[in-house]
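Working notes for the structure below.
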Amino acid sequence: MTSVAMPVHHATATTYQHLLQQAVERRRLLSVHWEVTHRCSERCRHCYLAVLPPHRRPQDELTTTEALALIEQMAALGALNLTLSGGEFFVRRNWHDLAAAAHDHRFVVRIFTNGLAVTPVKARQLAALHPYTVEISVYGADAATHDAMTQTPGSFARTCRAFTLLAEHGVRTVLKTPLMRSNISHFDALRDLAAQLGATFRYDLILTPRRNGDRTPLRDALRYADLVRHYRRTLTGAPTPGATGCRLCNVGRSALAIMPNGDVHPCVELPIRVGNVRHTPLRTIWESAPAWAWLTSVDAGALPVCGECPLGALCGRCHGAAHLESGDWLAPATTHCTRALAQRQALIDRGLIAPDALPLSEHLAALQQRLAALPDDEEQPGRPL
């Protein structure tokens, strides 16, 4: 789920939404998410990647020459947004070359990092490149919780220091958190921590299996009861009456993802190889790869379970999550179904909808029964029934 951060001013946001709509309609490349390495300085329990040690000799990563040529190809296609991530972005010794080239080509650059490698020198270098945001992951409001998740002693203090250093140099930061069993009770404290550090707070409620099929991250996923309690606090309104069917993302229409070895995927959540920039120019991949035709032709009617789902307005269905859970990207993503059920229950509990306002399909009724029968400490469902 790669989302482009929206500008804060309403007029600017409206302009960007118009630009995005035009890009989707004309199938113009607008956004690229580039995982420049799968090496990382942390070992986060919930990570969707099977990361490599930070000092391991790079294997099959794009060279500096290849990487700089790729940035030129992105610019030639008219891409606007470029997210640089990992693994850990700063593990790449040539990180500054990549970020500087992105700046020179006038991309709106977001950098994803754990912050461990941010020093006064790096903060000053980053400030000179004017990234749109530097987004730093925090997994708890205290060292014990955060460090237990990263399996890296001292990481909380170093990560918080990164926010401070970047703020001192005027770099806009985002504190982002996947809410999990270990930190759901920290929600308010995390929001306060972001404010103290001068960062925007952003969070997510979904964990997925790893790309290699390992389901270990789901052990940390929020329980159904956790989700219901969270939504009781945060939901402010009900979905449009009568709305059914899921809302599809714009996969293959305005964005793509690039892996460290140059493989091109539709997005970071959908690991389907559509080409490789070492063998084929990016423009040729974007304009001619056969996979795009069937990816972009899918509509809600092609989804056997989700197409007419009564909770479609609540789930935020993701092809990638479905693929990672079951290998079938047209199937329900059970983690998203669970989230939709939790929102429905919270809306009922708060009196925002009547109990019969959103009837359940056979699939959702069976899932709800399964969730109700789970012990509190059992892994939440992560595959279709």
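Heads up: the sequence shown begins at 34 in the working numbering, then just goes up one per residue. Ideal Cβ positions, reconstructed from N, Cα and C, are used throughout, including at glycine. Just so we're clear, the structure is a prediction, and the values are computed from it rather than from any experiment.
Check, Outcome
"Exposure of E121, with buried meaning 16 or more beta-carbon neighbours within 10 Å", "buried"
"Rounded separation between H298 and E68 - CA only", "11 Å"
"Cβ-based burial, E75 [other Cβ within 10 Å; buried from 16]", "buried"
"Those runs of the beta strand (DSSP E) which lie wholly inside the segment 215-288 and span at least 3 residues", "233-237"
"A135 to L115 span [Cα, whole Å]", "8 Å"
"For E75, the first and last residue of its enclosing beta strand (DSSP E)", "That residue, E75, is in no beta strand (DSSP E); it is neither H nor E in DSSP."
"Whether Q147 touches T178 by CB criterion (8 Å)", "Here residue 147 turns out to be Asn, not Gln, going by the sequence shown. In this structure, T178 does not lie closer than 8 Å to N147 by Cβ."
"Closest residue to S287 among L53, R350, L82, V84 (Cα-Cα distance)", "L53"
"Alpha carbon of A132 to alpha carbon of G340, nearest angstrom", "41 Å"
"Beta-carbon contacts of D253 that lie in its chain and below 7 Å, excluding the five residues immediately before and after", "R78, H79, M213, R214, S215, L240"
"Buried or exposed by the 16-neighbour rule on C-beta atoms within 10 Å, applied to R256", "buried"
"Expected contact under 8 Å - CB spacing of G295 and V310 to nearest Å", "4 Å"
"Rounded straight-line distance, which links the Cα of A366 to that of F196", "34 Å"
"Straight-line Cα distance separating H369 from D382", "20 Å"
"Opening and closing residue of the alpha helix (DSSP H) in which S321 lies", "315-321"
"Proximity below 8 Å, CB of L393 to CB of A271", "no"
"Simplified DSSP assignment, three categories, for F140", "coil"
"For D130, three-class secondary structure by DSSP", "helix"
"R143 and E105 closer than 8 Å at C-beta", "no"
"Nearest-angstrom beta carbon gap, R244 and P304 [assumed within contact, 8 Å]", "5 Å"
"Cβ shell of T202 (< 8 Å), same chain only, five flanking positions each side left out", "The sequence given here has His at residue 202, not Thr. Here the set comprises A156, R157, L159, A160."
"Residue range of the unbroken beta strand (DSSP E) whose run includes I169", "166-170"
"Cβ-Cβ separation, G111 to R61 (assumed contact under 8 Å), whole Å", "6 Å"
"Unbroken stretches of the alpha helix (DSSP H), 4 residues or longer, contained in the segment 45-115", "97-109"
"Of the residues G360, L347, H352, the one placed nearest L374, counting alpha carbons only", "L347"
"Nearest neighbour of Q401, chosen from V261, D137, A100, V84 [CA to CA]", "V261"
"Integer Cβ distance of L344 from L391, believed to fall under 8 Å", "6 Å"
"Start and end residues, alpha helix (DSSP H) containing P153", "153-162"
"Distance, A83 Cα to F220 Cα", "27 Å"
"Cβ-Cβ separation, L230 to A200 (assumed contact under 8 Å), whole Å", "7 Å"
"Counterpart residues of T419 in DSSP-defined beta bridges", "A query on residue 419 cannot be resolved here, the shown segment of the chain reaching from 34 to 418 and no further."
"Reference N283, options V171, T329, D259, closest by Cα", "T329"
"Per DSSP, cross-strand counterpart(s) of D298", "Just to set this straight, residue 298 is His in the shown sequence, not Asp. For H298, which the question treats as bridged, DSSP gives the partners A290."
"R280 versus A150: straight-line alpha-carbon distance, rounded", "39 Å"
"Assigned exposure category for A398 - 16 Cβ within 10 Å defines buried", "exposed"
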